Amino acid sequence: MEAESKAVLVIGGGISGIQAALDLGDMGAKVHLVERKPAIGGRMAQLDKTFPTNDCSICILSPKLADCFRHNNIKLHTLSEVKKVTGKMGDFVVKLRKYARFVKEDECVNCGECVAKCPVKVPDEFDMELRKREAIYPYYLQGVPSVMTIDRENCLYLTRGVCRICEKFCTRNAIDFEQEDKDVTLHVGAIIVATGFDPFDPSEISQYGYRRYRNVVTSLEYERLICASGPTGGHLTRPSDKKPAKNLAFIQCVGSRDLKNNSYCSSVCCMHATKEAMLAYEHDPKVESHIFYMDLRASGKGFQKYVTRGEQEYKISYVRGSVAKITEDRNENPIVWYEETRSSKTKKMTVDLVVLATSLVPKKDAEELAKVLGVELDEYNFFKTNLLNPLDTTRPGIFVCGCCREPTDIPESVAQASGTAERAAEIVMR
Ligand SMILES: Cc1cc2nc3c(=O)[nH]c(=O)nc-3n(C[C@H](O)[C@H](O)[C@H](O)COP(=O)(O)OP(=O)(O)OC[C@H]3O[C@@H](n4cnc5c(N)ncnc54)[C@H](O)[C@@H]3O)c2cc1C
Numbered sequence: 001m002e003a004e005s006k007a008v009l010v011i012g013g014g015i016s017g018i019q020a021a022l023d024l025g026d027m028g029a030k031v032h033l034v035e036r037k038p039a040i041g042g043r044m045a046q047l048d049k050t051f052p053t054n055d056c057s058i059c060i061l062s063p064k065l066a067d068c069f070r071h072n073n074i075k076l077h078t079l080s081e082v083k084k085v086t087g088k089m090g091d092f093v094v095k096l097r098k099y100a101r102f103v104k105e106d107e108c109v110n111c112g113e114c115v116a117k118c119p120v121k122v123p124d125e126f127d128m129e130l131r132k133r134e135a136i137y138p139y140y141l142q143g144v145p146s147v148m149t150i151d152r153e154n155c156l157y158l159t160r161g162v163c164r165i166c167e168k169f170c171t172r173n174a175i176d177f178e179q180e181d182k183d184v185t186l187h188v189g190a191i192i193v194a195t196g197f198d199p200f201d202p203s204e205i206s207q208y209g210y211r212r213y214r215n216v217v218t219s220l221e222y223e224r225l226i227c228a229s230g231p232t233g234g235h236l237t238r239p240s241d242k243k244p245a246k247n248l249a250f251i252q253c254v255g256s257r258d259l260k261n262n263s264y265c266s267s268v269c270c271m272h273a274t275k276e277a278m279l280a281y282e283h284d285p286k287v288e289s290h291i292f293y294m295d296l297r298a299s300g301k302g303f304q305k306y307v308t309r310g311e312q313e314y315k316i317s318y319v320r321g322s323v324a325k326i327t328e329d330r331n332e333n334p335i336v337w338y339e340e341t342r343s344s345k346t347k348k349m350t351v352d353l354v355v356l357a358t359s360l361v362p363k364k365d366a367e368e369l370a371k372v373l374g375v376e377l378d379e380y381n382f383f384k385t386n387l388l389n390p391l392d393t394t395r396p397g398i399f400v401c402g403c404c405r406e407p408t409d410i411p412e413s414v415a416q417a418s419g420t421a422e423r424a425a426e427i428v429m430r
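Here it is, written out as structure tokens:
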């Protein structure tokens with residue numbers, strides 16, 4: 001009981017939740033890290049490289065995933081969600097629902113024999129539905145815990161009572177269709193919310209043609225397309241005909257700074273578009289990239305220098321203007337129609353691929369989670385904080401960091417996570 005009263009609940013296993021858990025674990029606090037997906041890592045695991053250093057995202061994330069898994073003070077609860085919170089600061093009681101994986105975590109060695117035999121093919125969420133996966137699958141290659149999961153919505157046995165072929169071919173007897181969802185009660189002194197963001201769905205802005213035109217993709221889809229572990233093995237090819245994409249248009253502020261959708265700035269898009277254009281050039285110096293922007297926001301550490309490097313070393317052309325619509329020609333080449341601010345002229349540009357920098361929006365179920373936690377959200381549905389307690393929610397003992405607080409980049413998310421770890425430690429390590 002003494003150890004439990006010293007525990008902290010961290011909700012969300014992206015970089016923010018991971019950092020908060022590691023800091024607390026290292027301070028000697030017990031941590032329950034709750035992630036609803038089959039593996040921790042969050043959006044950072046989906047990125048190819050990271051601005052402003054262009055480090056390989058998964059290479060800098062992987063050691064933290066492994067540290068979390070091995071840490072004596074951190075208990076990982078994947079495929080889990082918080083259903084109820086009662087009590088008060090220093091003494092919260094949390095009801096957790098742990099969903100069945102149908103695979104024994106301590107037996108599975110992620111060998112892939114079962115995947116090779118599974119007859120089901122469904123769109124892969126981690127790869128932004130740009131490839132298909134089986135009903136038994138690893139969430140992603142480097143995911144932690146490094147085990148398979150059976151997708152209950154698509155498994156033939158779980159939906160229709162036939163198949164079990166994975167079970168026949170698993171030499172470790174790791175498949176367990178008898179597993180059931182479990183409710184677990186935790187006693188914790190403080191709670192950290194780190195549930196991150198979702199990308200805005202640009203099909204709501206019909207003039208950009210997303211989903212109508214195959215060669216119009218979102219920035220997160222582009223991250224998977226250019227990533228060596230992604231669906232094209234890192235070859236930047238067009239979804240329509242698999243030809244190399246040589247002429248790229250990046251459209252900024254898609255769903256951000258837009259009164260019809262989200263009036264706030266998503267803060268990371270100017271930099272990630274610059275990075276994405278740099279990566280295309282690194283793959284092939286013949287690639288031409290045009291970034292269409294309203295005004296460029298490069299206010300972080302080293303960011304202006306990064307943009308200048310983009311222009312000078314990577315030949316990125318920054319086009320100040322407003323994009324009215326995207327159409328396409330007979331060969332499925334997107335045509336960008338825009339008004340150039342400097343000349344006030346209406347122009348068009350035909351490219352191979354358009355990348356929409358979609359805004360970072362709150363999770364769809366943010367309201368539900370806020371209700372469970374008894375905290376308030378702000379006008380956009382990010383978790384509410386105040387000016388002088390920027391990491392405190394409206395309920396004492398519950399803190400918030402990363403993109404569920406507001407859109408932020410990785411360094412800022414990590415800084416906030418360490419801040420929340422300190423705030424939580426003040427309560428549980430007193
Ligand atoms: C296209 C793109 C490119 C980017 N490139 C860069 C870059 O180069 N450099 C950079 O610094 N930043 C970049 N960013 C920003 C970066 O992705 C974020 O800063 C970072 O992912 C924030 O981490 P987070 O942990 O707060 O949220 P997330 O990464 O969203 O993680 C949140 C986690 O919480 C889990 N979760 C959500 N709800 C629940 C719940 N109710 N219960 C349990 N678990 C839950 C989610 O499954 C997820 O694992 C980019 C963003 C985009 C969209």
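Just so you know, the sequence shown maps onto residues 1 to 430 in the numbering used here. The beta-carbon is built from N, C-alpha and C at its ideal position, and this holds for glycine as well. Please read all numbers here as calculations on a predicted model, not as lab measurements.
Closer than 6 Å to a non-hydrogen atom of ligand 1 - does that hold for the CB of residue i?
i    : result
S16  : yes
C270 : no
R131 : no
M278 : no
E221 : no
V372 : no
L391 : no
R101 : no
A298 : no
K37  : yes
A369 : According to the sequence shown, residue 369 is Leu rather than Ala. Because some heavy atom of ligand 1 lies under 6 Å away, the Cβ of L369 counts as near it: yes.
To the nearest whole angstrom, what separates the beta carbons of residue i and residue j, a pair I think is in contact under 8 Å?
i    : j    : result
A100 : Q179 : 4 Å
T394 : V375 : 5 Å
E174 : D151 : The amino acid occupying residue 174 in the given sequence is Ala; Glu does not appear at that position. In fact, because the Cβ distance is near 16 Å, the residues do not count as touching under 8 Å.
L248 : V355 : 6 Å
W337 : K345 : Wrong, their Cβ atoms sit about 12 Å apart, outside the cutoff.
Who are residue i's beta bridge partners in DSSP?
i    : result
G13  : None; G13 has no bridge partner.
D181 : Paired residues: none, contrary to the question.
K325 : W337
V147 : Partner(s): none; V147 has no beta bridge.
L141 : Beta-bridge pairing links L141 to no other residue.
S289 : L248
V355 : V217, F250
V8   : V31, A190
K88  : D91
Excluding five sequence neighbours on each side, which residues of the same chain lie with their C-beta closer than 6 Å to the C-beta of residue i?
i    : result
E340 : G321, K347
Got a sec? Which residues, its chain only, sit under 8 Å from residue i by beta carbon, not counting five neighbours each side?
i    : result
D55  : K49
A3   : With a pLDDT of only 48 at A3, under 50, the local geometry of the prediction cannot be trusted, and no value is derived from it.
H77  : H32, L33, V34, E35, L96, K98, V184
G12  : V34, E35, G42, V193, A194, T195, G196, G402, C404
F382 : P362, A366, C404, R405, E406
For residue i, report the span of its alpha helix (DSSP H) as first-last.
i    : result
Q416 : 410-428
A366 : 366-373
S62  : 57-70
A39  : No alpha helix (DSSP H) contains A39, which DSSP labels as neither H nor E.
H160 : The amino acid occupying residue 160 in the given sequence is Arg; His does not appear at that position. Taken as a continuous stretch (DSSP letters only), the alpha helix (DSSP H) holding R160 covers 156-160.
E167 : 165-169
V94  : Counting along the chain, V94 falls outside any alpha helix (DSSP H), though it belongs to the beta strand (DSSP E) covering 91-98.
H235 : No alpha helix (DSSP H) contains H235, which DSSP labels as neither H nor E.
Leaving out the 5 sequence neighbours to the left and right, which residues in its chain are closer than 7 Å to residue i when beta-carbon positions are compared?
i    : result
C265 : S256, R257, R297
F126 : Q46, Y139, Y140
M1   : Residue placement at M1 cannot be trusted, given a pLDDT of 42 that sits under 50; what the coordinates show is reported in the next sentence. Excluding positions up to five away in sequence, the list is empty.
M432 : In the structure as shown, the chain begins at 1 and stops at 430. Residue 432 is therefore absent and cannot be evaluated.
E422 : none
Is the shortest distance between the beta-carbon of residue i and the beta-carbons of chain D less than 7 Å?
i    : result
F383 : In the structure shown, chain D does not exist; there is a single protein chain.
Does any heavy atom of ligand 3 sit closer than 6 Å to the C-beta of residue i?
i    : result
C108 : Inclusion of ligand 3 in the displayed structure is not the case, the ligand content consisting of ligand 1 alone.
Under DSSP, the beta strand (DSSP E) around residue i begins and ends at which residues?
i    : result
T308 : That residue, T308, is in no beta strand (DSSP E); its alpha helix (DSSP H) goes 303-313.
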